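Enquirer: Right, I'll just put the structure down here and ask away after.
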Amino acid sequence: MAGSATAERGARQQESSGPPLVRWLGPRRLRTIIILALAVVLLAAGTGWVLYGSQWLRVERVSVSGTDVLTPQQVREAAAVPIGSPLVSVDIDAIETRLRTELPRIHSVDVERSWPHGIGLKVTERTPVLLVQKGSNFVEVDDEGVRFATVSKAPKGVPLLEMAVSSSRSAAASLRRFGEARLVREAVKAAGSLPAAVARATRVVKVRSYDDISLELSGGRTVAWGSAEKAAAKGRTLTALMKAAPAARHFDVSAPTAPASAGS
């Protein structure tokens, strides 16, 4: 009896001996934790090797969509996507920056990873609303006032901007106050707000001062637009006025609440 009690006390002392972690967790639970930790490490290492070290998930192709004037090949060359690199390591932001820097015609671009081997480039090009003549070429200007491309042939349906600031005192004062760049932006704002039918018929947007913008339309028709303010109201008024007086040659919507038309 005494011998068995002594043996039991010895066993309890042996179990409570050893490192603190073993005494706290117990041998079986500690082994389980070690096995799980090793599994996690091996899984992480395997995932890292698949993503970065293997040949399974590397860039093999670059697809381009959304181009109109630009060609897919131009976009691919400017993007300079590193073919053969691990797909996960491709710098998306750097590609976007290169495209916008190398190809100002691009207004926006979405760069996406297309697993397991592709990069997709979805491009939105800028659309010209005005042209500025520069020698024998034309500079395209979009609805944000950005001059994004120079072309040798004027795109069809895009009006020409004509800066016709006179030497009158009021025109000179307007130019000094706002500057030519601001006057160009006002012309862009007016052109970008034209109703579709009027925009297609517009040949020239003429700027004499901040509040003296006019349009020259096909068929010898003209429109006194005034400033670029209240552009939406002016567009609606002009549409209604042209329907009400289809034979008129001169329209004035500079004050959209008091429009006028004349000529036949």
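For the sequence shown, UniProt numbering assigns the number 1 to the initial residue and increments by one for each residue that follows. Note that CB positions come from ideal geometry on N, CA and C, so glycine has one too. Here the structure is a predicted model, which means the values were calculated and not measured.
1. Would you mind sorting residue 84 into buried or exposed? The rule is 16 or more other CB atoms within 10 Å of its CB.
2. With a floor of 4 residues, list each alpha helix (DSSP H) that falls wholly inside the region 189-255, ordered by position along the chain.
3. What does residue 153 pair with, by DSSP beta-bridge criteria?
4. Distance check for residue 128 and residue 108, CA to CA, integer angstroms please.
5. Identify whether residue 32 lies in helix, strand or coil by the three-state DSSP scheme.
6. State the DSSP-derived secondary structure class of residue 261, mapped to helix, strand or coil.
7. Rounded to whole angstroms, what's the CA-CA distance from residue 225 to residue 241? Just pull it up for me.
8. For residue 117, which residues in the same chain have their Cβ closer than 8 Å to its Cβ, ignoring the five residues on either side in sequence?
9. Could you pull out every residue in the same chain whose Cβ sits closer than 7 Å to the Cβ of residue 157, ignoring the five residues on either side in sequence?
10. Taking just the CA atoms, how far does residue 182 sit from residue 263?
11. Assuming residue 80 contacts residue 103 under a Cβ cut-off of 8 Å, what Cβ separation, rounded to an integer in Å, is found between them?
12. Going by alpha carbons, who is nearest to residue 160 out of 111, 133, 148?
13. If you draw a straight line from the alpha carbon of residue 198 to that of residue 135, how long is it in whole angstroms?
14. State the DSSP-derived secondary structure class of residue 53, mapped to helix, strand or coil.
15. Considering only the beta carbon of each residue, do residue 96 and residue 111 sit closer than 8 Å?
16. Could you pull out every residue in the same chain whose Cβ sits closer than 7 Å to the Cβ of residue 218, ignoring the five residues on either side in sequence?
17. Since residue 162 is in the beta strand (DSSP E), which residue starts that stretch and which ends it?
18. Hey, how far is the Cα of residue 148 from the Cα of residue 141?
19. On the three-state DSSP scale, how would you describe residue 183?
Expert: Based on what the coordinates show:
1. A residue is called buried once 16 or more other Cβ atoms fall within 10 Å of its Cβ, and residue 84, having fewer, is exposed.
2. Complete alpha helix (DSSP H) runs here, min 4: 196-201, 231-244.
3. Note: residue 153 sits in no beta bridge, so no partner.
4. C-alpha separation (whole angstroms): 15 Å.
5. Helix, per DSSP.
6. If DSSP states are grouped into helix, strand and coil, residue 261 belongs with the strands.
7. Residue 225 and residue 241 have their alpha carbons spaced roughly 13 Å apart.
8. Sequence-distant partners of residue 117 (beyond 5 residues in either direction) whose C-beta falls short of 8 Å from its own C-beta, in its chain, are 57, 58, 59, 60, 61, 87.
9. Excluding residues within five positions, the ones whose Cβ falls inside 7 Å are 200.
10. Distance between the alpha carbons of residue 263 and residue 182 is about 33 Å.
11. No, residue 80 and residue 103 are not in contact; Cβ-Cβ is about 12 Å, not under 8 Å.
12. Comparing Cα positions, the closest option is 133.
13. If I take the Cα positions, the gap works out to 27 Å.
14. Residue confidence for residue 53 is low, a pLDDT of 49 falling below 50, so the modelled location carries little weight and cannot support an answer.
15. The answer is yes: Cβ separation under 8 Å.
16. Answer for residue 218: 201, 203, listed in chain order.
17. Annotation: the continuous beta strand (DSSP E) that includes residue 162 extends over 160-163.
18. Near 6 Å, if we compare the C-alpha coordinates of residue 141 and residue 148.
19. Residue 183 falls in the helix class under three-state DSSP.
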